[in-house]
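One structure below.
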């Protein structure tokens with residue numbers, strides 16, 4: 001379940017259980033012009049991990065799409081790797097909501113986000 005964007009950004013799923021998904025992304029190559037991790041790259045990381053969690057919960061033969069993303073940036077990451085941890089808030093038949101916490105290599109929070117995904121009946 002990888003996309004070309006995941007490959008370009010270096011996003012890797014490193015651990016998952018039904019109630020927790022963890023992914024990493026390097027800061028290098030994903031900075032904005034001032035050397036900070038780009039907010040769009042952070043949102044792509046969040047969308048990826050939340051969508052994978054929703055797809056795992058939806059099961060085979062289903063497709064999920066993100067319908068709302070809310071992100072708050074708490075601290076700049078300038079080097080190393082950021083780690084995103086995704087936990088479910090609610091898993092419903094058609095809508096699932098997840099909280100995603102992003103931290104730097106020192107465990108300091110860099111962003112927090114909420115993603116809501118809709119489950120569709122199959123490939124669209």
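Numbering (full-length UniProt numbering), first residue to last: 1 to 124.
No residue lacks a Cβ here, since even glycine has one placed at the ideal position from N, Cα and C.
Residue 105 has no beta-bridge partner at all, per DSSP. Under the three-state reduction of DSSP output, residue 67 falls in the strand class.
By a beta-carbon distance limit of 8 Å, residue 66 contacts residue 47. Their separation comes to about 5 Å. In this structure, residue 24 lies near residue 81, with their beta-carbon atoms less than 7 Å apart. In the three-state DSSP reduction, residue 24 falls in the strand class (E or B). Taking residue 64 as the centre and dropping the five residues before and after it, the same chain places the C-beta of 51, 54, 55, 58, 96, 117, 118, 119 and 120 closer than 8 Å to its C-beta, in chain order.
Taking C-alpha positions only, residue 33 is separated from residue 8 by approximately 18 Å. With a threshold of 16 other beta carbon atoms within 10 Å, residue 17 falls short and is exposed.
When the Cα atoms are used, residue 60 and residue 94 turn out to be separated by approximately 14 Å.
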